[in-house]
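The structure appears below as structure tokens.
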Amino acid sequence: MAERVSAEQGHADLGKVDRIAKIWGTRTPYGREERWPVRVDQVLAEGVEESEVERWVQSACVLCSNGCGIDIAVKDGTMVGVRGRAADRVNHGRLGPKGLFASWQAMNSPDRLTTPMIRQDGELVPCDWDTAMERIVQRSRHLLQTKGPLSHGFYTSGQLFLEEYYAQAIVGKAGIGTPHMDGNTRLCTATAATALKESFGSDGQPGSYRDIDACDAMFLFGHNMAETQTVLWARVLDRLAGPDKPRLVCVDPRDTDVARHAEVHLALKPGTNLALMHGLVRELFVNGWIDEDYIRRHTMNVEELRFTVEPWTPQEVARTCGVDAQDVRRAAEIFGTSERVLSTVLQGFYQSSQATASSCAVNNLHLLRGLIGKPGSGILQMNGQPTAQNNRECGADGDLSGFRNWENPQHVQELAQLWNVDPATIPHWAPPTHAMQIFRYVEQGSIQFLWVSATNPAVSLPELPRIRDILASRGLFLVVQDLYLTETAQYADVVLPAAGWGEKTGTFTNVDRTVHLSQKAVDPPGQARSDLQTFIDYSRRMGFTQLDGSPLLDWQGPEEAFEAWKLCTRGRPCDYSALTYQALRGGSGVPWPCTEQQPGGTERLYTDGVFNTDPDYCETYGHDLLTGGTVGPQAYKAMNPAGRAIFKTAPYHPTHETPDTGYPFRYTTGRTAYHFHTRTKTGRSPQLNAAAPQAWVEISAVDVATGGLNEGDIVSVESRRGHISAALRISDVREGTIFAPFHYGYWDEGGTPATAHRAANELTLTEWDPVSKQPVLKNSAVRLRKVADAEGPAPAPTTTASHPATHPHHAARSRRVVPTTGGPAALASEEFPPAAPSDDPASKEQP
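Mapping to UniProt numbering: the sequence shown position 696 is 696, numbers consecutive.
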């Protein structure tokens, strides 16, 4: 099997590739400013030939935030496979292992929820929709009458469609009138939104995936792209394999595939991100690697930034972060002297101490050099979920719809007019309630009705022993809307079966603002129905109306909801006003803003150096990054930002919990390439589940050398809050750090109880960033002890950052670890068609 395919090769079919063993597929090298070659990945169910596929239905993948264009193969009313869309601007035909295997297999799982269920005599029993909905409505009405809207909370996902988020936002804000709305996007992407708002005045990624094609350097800050966005990493690998490859800098405590390709790997101590960032920013000032003219014309507060970073010499960064001072200098030099720099940021920064300040520091680096709004010079404050962007845009996370400012009365009035409701109904008297506070209110008893959609907080939230107690509260009425009977659904009073991906029509938006249409391919199983149908049904049963007496949600289906959403976004940063379902059919996705002036969408934001910070337009008036205190409208207006970006910063402070003699290790959590979130879908794919079937924990070979441990030993990792037991992988994680994947809960696929405590969040603590309110899932102190001798190597994949250690102390013991492969069941075809002109107007730009 050829390892690389030339971009000039023309049409070729290399047959099939084991896409468990080769996560990123075959290389197609290309040079700077060239078009990324097409490679169409495809997999079909065993025994199904391509000629037997009755139709291919357009969609996009929902198993990471990349948003790859995908076609669903349908035969006899069933999904039987997928292929990448060659014309799509995001993936050029490629799919990752999760998209190839779990996307459609999970929809065919025999344990799908097919009927509503209600709790009766302590047990969940099947019922019809009328019975389930009337029980919900009866409880909801009673609480609204006796307790008011603050008795209701909604906790949603980053995996619904845009139309469904918008419906939920209207029901919650204009129907009930509760500020208690958030999503599990709080766990993965809240800091991305907050950092963009603090620096630039509104949410919305400045950069484009096409910046990979044009950049001279790439910085990945706490972003294991190789496993979290596998197709995007394939794009980077193809640039690295071609001429004029970009220089790569990786900030991560683990030896990821990103780190292995990096010119500089800063393997810092978890929780010290801001100290490192201060050091990098200081080096730009000290060496004169800044654009004084850009700073003067387009930014403000640069002197405060200069003062804050001044103490952070390379030596001080090295002492605090545990990295080499010369590596700090080298990384800063790459950023300071490269013509075009692309930065990406993810959970390593977002789920860590001082998350917003660290992420804003990335923005600061780009602003200091004027590297924003230009080809190859972008920022991608990444999302962790496929439709997290829509959650934020639509306001299902608590923010106001259309990136409006809850402190701006005119913005509230605009929404009231759009929805034809009294503006007093829309909660805007205080900040929206974030997820951790919602669960605190449940714990205290003020929220007594909680509706959870498409997420599994019984596994994903921090300090799980506490969360289990909250979900089991006697005074809580819990509604869970999902595809399967998850760990969270086990606590529900009512369970609603949802239609999933490929079983409904709707749109969703990926990290670089690209909007895709996903069309219905098959019917959902049994009585399952779309989340949009459920929200509309609930609203009508509750009698929610507009001022003229018409239904609050007066839509019949998703396209009507989309048209209503377009009106909500007109003139706002996330402007969809010129976009239609028809425009999204047949071709590629379109990046917003999409307006009459820009009908083909917008590749990059802030190309003119004008930012969304005007007081009448901005999404926020900002916060103090250390305390979270709000700036407020008067102080913000007095600053007179006038379309300038704002340098935001804060002093560095150590993490909430640091190692000590009782708990000597730093504990951090993360993902593997083969699973998504709590495995509700990927755990139901035989190929993916076999690649990473059980939880594991990782420790460095240096730590093992002094601890008497061996590969595969069963260990207990304990914090002050709980413990987990799993097999030990001796890996190349940095010394003094223990890593665990967070995907594994209390149930295996199909609802089988797990055999051990293995949920990584048993150990994490209930702390959050003061501005983004994102939980600090990656910083806590733990201890480790051996429970039993190894019966074999740990079940961790060898193809990813969990590979066995290459350290000499461990090399001999690593030989017994079997390489991760997928075998015949994991074979997917790769085709390399000749290059064809794109119908995407944005592709015709020249960097």
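Where is the CB? At the ideal position from N, CA and C, for every residue including glycine.
None of these values were measured; they are calculated from a predicted model.
Practice problem: Compare the C-alpha of MET542 against each of GLY172, SER103, ALA21 and ARG404 and name the closest. | Solution: As a working mapping, residue 542 is identified with position 542 in the sequence shown. For the residues GLY172, SER103, ALA21 and ARG404, the minimum Cα distance to MET542 belongs to GLY172.
Quiz item: Are ARG39 and GLY93 touching if we call contact CB-CB under 7 Å?
Solution: Within the sequence shown, residue 39 is the residue found at index 39, counting from 1. Within the sequence shown, residue 93 is the residue found at index 93, counting from 1. Taking 7 Å as the Cβ cut-off, ARG39 and GLY93 qualify as a contacting pair.
Self-check item: THR425 and ALA174 closer than 7 Å at C-beta
Solution: Along the sequence shown, read from residue 1 onward, the residue named residue 425 stands at position 425. Along the sequence shown, read from residue 1 onward, the residue named residue 174 stands at position 174. Yes. Within cutoff.
Quiz item: Could you check where the alpha helix (DSSP H) with ARG282 kicks off and where it finishes?
Solution: Taking the sequence shown and counting its residues from 1, the one referred to as residue 282 is at position 282. 273-287 is the span of the alpha helix (DSSP H), which, as asked, contains ARG282.
Self-check item: Spatial neighbours of MET382 in its chain, beta-carbon cut-off 7 Å, leaving aside the 5 residues before and after
Solution: Taking the sequence shown and counting its residues from 1, one reaches residue 382 at position 382. Cβ neighbours of MET382 beyond the five flanking positions: SER65, ALA192, HIS223, THR344, VAL345, LEU346 and VAL511.
Quiz item: So TYR667 is in the beta strand (DSSP E); what residue range does that whole segment cover?
Solution: Against the sequence shown, residue 667 aligns to sequence position 667. Start and end: 665-670.
Practice problem: Decide if LEU567 is buried, meaning its Cβ has at least 16 other Cβ atoms within 10 Å, or exposed. | Solution: Stepping through the sequence shown from its first residue, residue 567 is reached at position 567. Exposed: under 16 other Cβ atoms inside 10 Å.
Practice problem: In angstroms with no decimal places, state the Cα-to-Cα distance between GLN351 and SER577. | Solution: Counting from 1 along the sequence shown, the entry for residue 351 is found at position 351. Counting from 1 along the sequence shown, the entry for residue 577 is found at position 577. If I take the Cα positions, the gap works out to 34 Å.
Quiz item: Under the three-state reduction of DSSP, which class applies to CYS618: helix, strand or coil?
Solution: In the sequence shown, counting from the first residue as 1, residue 618 sits at position 618. CYS618: coil per DSSP, three-state reduction.
Quiz item: Can you name, in chain order, every residue of its own chain whose Cβ lies under 6 Å from the Cβ of MET277, other than the five neighbours on each side?
Solution: Taking the sequence shown and counting its residues from 1, the one referred to as residue 277 is at position 277. Around MET277: SER358 and ALA361.
Quiz item: Can you tell me the Cα-Cα spacing of GLU791 and ASP255, whole angstroms?
Solution: As a first step, residue 791 must be located in the sequence shown, where it is residue number 791. As a first step, residue 255 must be located in the sequence shown, where it is residue number 255. Going by the C-alpha atoms only, they are around 26 Å apart.
Practice problem: Tell me, to the nearest whole angstrom, how far the beta carbon of residue 854 is from that of SER716; I am working on the premise that it is less than 8 Å. | Solution: Because the chain in this structure spans residues 1 to 847, residue 854 falls outside the shown range and cannot be described.
Exercise. Would you kindly work out how many angstroms separate the C-alpha atoms of LEU626 and GLY609, rounded to a whole number?
Key: Numbered from 1 along the sequence shown, position 626 holds the residue referred to as residue 626. Numbered from 1 along the sequence shown, position 609 holds the residue referred to as residue 609. Cα to Cα, the separation comes out at about 27 Å.
Quiz item: Any idea if GLN315 is buried or exposed, counting beta-carbon neighbours within 10 angstroms, 16 or more meaning buried?
Solution: In the sequence shown, counting from the first residue as 1, residue 315 sits at position 315. Its Cβ having fewer than 16 others within 10 Å, GLN315 is exposed.
Quiz item: Does the segment 592-609 come close enough to the segment 197-207 that 3 or more CB-CB pairs lie under 8 Å?
Solution: yes
Exercise. Pick helix, strand or coil for LYS173, following the three-state DSSP scheme.
Key: Working through the sequence shown from its first residue, we reach residue 173 at position 173. If DSSP states are grouped into helix, strand and coil, LYS173 belongs with the helices.
Quiz item: How big is the Cα-Cα spacing for VAL80 and ASN184?
Solution: Counting from one through the sequence shown, the residue named residue 80 turns up at place 80. Counting from one through the sequence shown, the residue named residue 184 turns up at place 184. Approximately 30 Å between the Cα atoms of the pair.
Self-check item: Unbroken beta strand (DSSP E) run spanning ASP482, endpoints
Solution: Locating residue 482 in the sequence shown gives position 482, where the first residue counts as 1. Taken as a continuous stretch (DSSP letters only), the beta strand (DSSP E) holding ASP482 covers 477-482.
Self-check item: Cα-Cα separation, ILE646 to ASN640
Solution: By 1-based counting over the sequence shown, the position of residue 646 is 646. By 1-based counting over the sequence shown, the position of residue 640 is 640. Straight-line Cα distance between these residues: approximately 11 Å.
Quiz item: Less than 7 Å separating the beta-carbons of ILE118 and ALA132?
Solution: For the purposes of this step, residue 118 is taken as residue 118 along the sequence shown, with counting starting at 1. For the purposes of this step, residue 132 is taken as residue 132 along the sequence shown, with counting starting at 1. A contact, by the Cβ cut-off of 7 Å.
Practice problem: Specify the secondary structure class of GLN42 as computed by DSSP and reduced to three states. | Solution: Counting from 1 along the sequence shown, the entry for residue 42 is found at position 42. Three-state result, GLN42: strand.
Quiz item: So, using beta-carbon positions, are ALA127 and GLY99 closer together than 7 Å?
Solution: What you label residue 127 is simply residue 127 of the sequence shown in a count that begins at 1. What you label residue 99 is simply residue 99 of the sequence shown in a count that begins at 1. Note that residue 127 is Cys in the sequence shown, not Ala. In this structure, GLY99 does not lie closer than 7 Å to CYS127 by Cβ.
Quiz item: Is the Cβ-Cβ distance between GLU762 and LEU464 less than 7 Å?
Solution: Indexing the sequence shown from 1 puts residue 762 at position 762. Indexing the sequence shown from 1 puts residue 464 at position 464. Contact: yes.
Quiz item: Per DSSP, what kind of secondary structure is SER343 in: helix, strand or coil?
Solution: In the sequence shown, the residue the question calls residue 343 occupies position 343. It is a strand residue.
Quiz item: In the structure shown, what three-state DSSP assignment does residue 848 receive?
Solution: Any question about residue 848 goes unanswered here, given that the chain covers just 1 to 847.
Quiz item: Hey, quick one: how far does the alpha helix (DSSP H) through ALA21 stretch, first residue to last?
Solution: The sequence position of residue 21 within the sequence shown is 21, counting from 1. Run containing ALA21: none; DSSP gives neither H nor E here.
Self-check item: Span of the beta strand (DSSP E) around SER358
Solution: Here residue 358 refers to the residue found at position 358 when the sequence shown is read from its first residue. That residue, SER358, is in no beta strand (DSSP E); its alpha helix (DSSP H) goes 355-369.
Exercise. Just the C-alpha distance for GLN105 and VAL82, rounded to the nearest angstrom, thanks.
Key: The residue labelled residue 105 in the question sits at position 105 within the sequence shown. The residue labelled residue 82 in the question sits at position 82 within the sequence shown. Looking at the two C-alpha atoms, the distance is approximately 10 Å.
Quiz item: Could you give the uninterrupted runs of the alpha helix (DSSP H) lying entirely in the segment 774-830, keeping only those of 4 residues or more?
Solution: 808-814
Self-check item: Element boundaries [beta strand (DSSP E), containing GLN490]
Solution: On the sequence shown, residue 490 is found 490 positions in, with the first residue counted as 1. Here GLN490 belongs to no beta strand (DSSP E), and DSSP marks it neither H nor E.
Practice problem: Below 7 Å CB to CB, which residues in the same chain sit around CYS321 once its five sequence neighbours on both sides are set aside? | Solution: Translated into positions along the sequence shown, residue 321 becomes position 321. Cβ within range, chain order: LEU268, LYS269, THR272, ALA275 and LEU276.
Quiz item: How is ILE536 classed by DSSP in three states: helix, strand or coil?
Solution: In the sequence shown, the residue the question calls residue 536 occupies position 536. In this structure, ILE536 counts as helix in the three-state DSSP scheme.
Quiz item: Assuming GLY380 and GLN774 make a contact with CB atoms under 8 Å, what is their CB distance in whole Å?
Solution: Here residue 380 refers to the residue found at position 380 when the sequence shown is read from its first residue. Here residue 774 refers to the residue found at position 774 when the sequence shown is read from its first residue. In the sequence under discussion, the amino acid at residue 380 is Leu, which differs from the Gly named in the question. Wrong, their Cβ atoms sit about 17 Å apart, outside the cutoff.
Quiz item: When the Cβ atoms of the segment 235-255 are set against those of the segment 618-625, are three or more pairs found closer than 8 Å?
Solution: no
Quiz item: Between the segment 502-521 and the segment 132-147, do three or more beta carbon pairs fall short of 8 Å?
Solution: no
Exercise. Report the residue ranges of all beta strand (DSSP E) runs contained in full by the segment 368-397; include only those spanning at least 3 residues, in chain order.
Key: 378-381
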